[in-house]
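The structure appears below as structure tokens.
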Amino acid sequence: PTSTPTPAPPYPGPSLLLPADGATFSLSTDSITLQWASVGALRDNEAYMVIIVDATGGEERRLVEYVTDTKLIVLLDFLNDASGPTLYYWQVGTVRQIGTNEEGLPEYEEAGALSDRRGFVWSGTVSATPGP
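Plus 113 on top of the position in the sequence shown (first one is 1) and you've got the working numbering.
So, in structure tokens, the structure goes:
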């Protein structure tokens with residue numbers, strides 16, 4: 114009989130570090146970096162899944178990124194699609210790659226709990242209204 118590798122026990126939800134819950138950012142901010150504490154050494158096929166949801170516009174706009182570091186720089190392209198001040202919620206969890214899809218992209222399954230949820234506000238651009 115062949116042995117099957119034993120899956121790792123589930124990871125705890127990562128502790129979120131920065132930014133503080135409710136922090137506000139604007140165009141004067143070069144970038145927004147989300148940071149969290151490591152849950153331990155990840156295996157080669159494991160990563161952190163970072164979920165960012167536009168809470169102002171509902172569940173329609175969300176960004177999911179997979180990283181092996183304990184930080185993610187949020188792309189301003191995603192934030193600039195919002196109109197006006199926008200509240201975003203973010204969470205981090207661990208995932209394990211279980212294969213690839215038809216397009217060759219990795220497919221993941223959960224490998225632990227999600228972190229607590231935090232929010233930040235993107236104030237966006239301030240546009241001047243042209244006068245008559």
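For each residue, glycine too, the CB sits at the ideal point set by N, CA and C.
Spatial distance of residue i from residue j (CA atoms)
i	j	result
S228	Y202	12 Å
S144	L131	13 Å
G212	P219	6 Å
L192	G135	16 Å
N214	E222	13 Å
E173	L189	18 Å
S128	S151	8 Å
P123	Y179	18 Å
D194	G153	35 Å
T142	A226	31 Å
Beta-carbon separation (whole angstroms), residue i vs residue j, contact threshold 8 Å
i	j	result
K184	T146	6 Å
V208	A224	5 Å
L99	T181	Residue 99 is absent from the structure shown; the chain starts at 114 and stops at 245.
DSSP state of residue i mapped onto helix, strand, coil
i	result
D190	helix
M162	strand
R175	strand
D246	The structure shown does not extend to residue 246, since the chain is modelled only from 114 to 245, so the question has no answer here.
V208	strand
V152	coil
D167	strand
G217	coil
L227	coil
G232	strand
L129	strand
T142	coil
T181	coil
Among the options, nearest to residue i - alpha-carbon criterion
i	options	result
V177	E215, E216, S151, I165	I165
R231	P125, A133, P122	A133
Q148	P198, E216, L200, V187	V187
So, does the segment 152-162 touch the segment 230-239, judging by three or more C-beta pairs under 8 Å? Segment contact: the segment 152-162 against the segment 230-239, fewer than three CB-CB distances shorter than 8 Å; contact not assigned.
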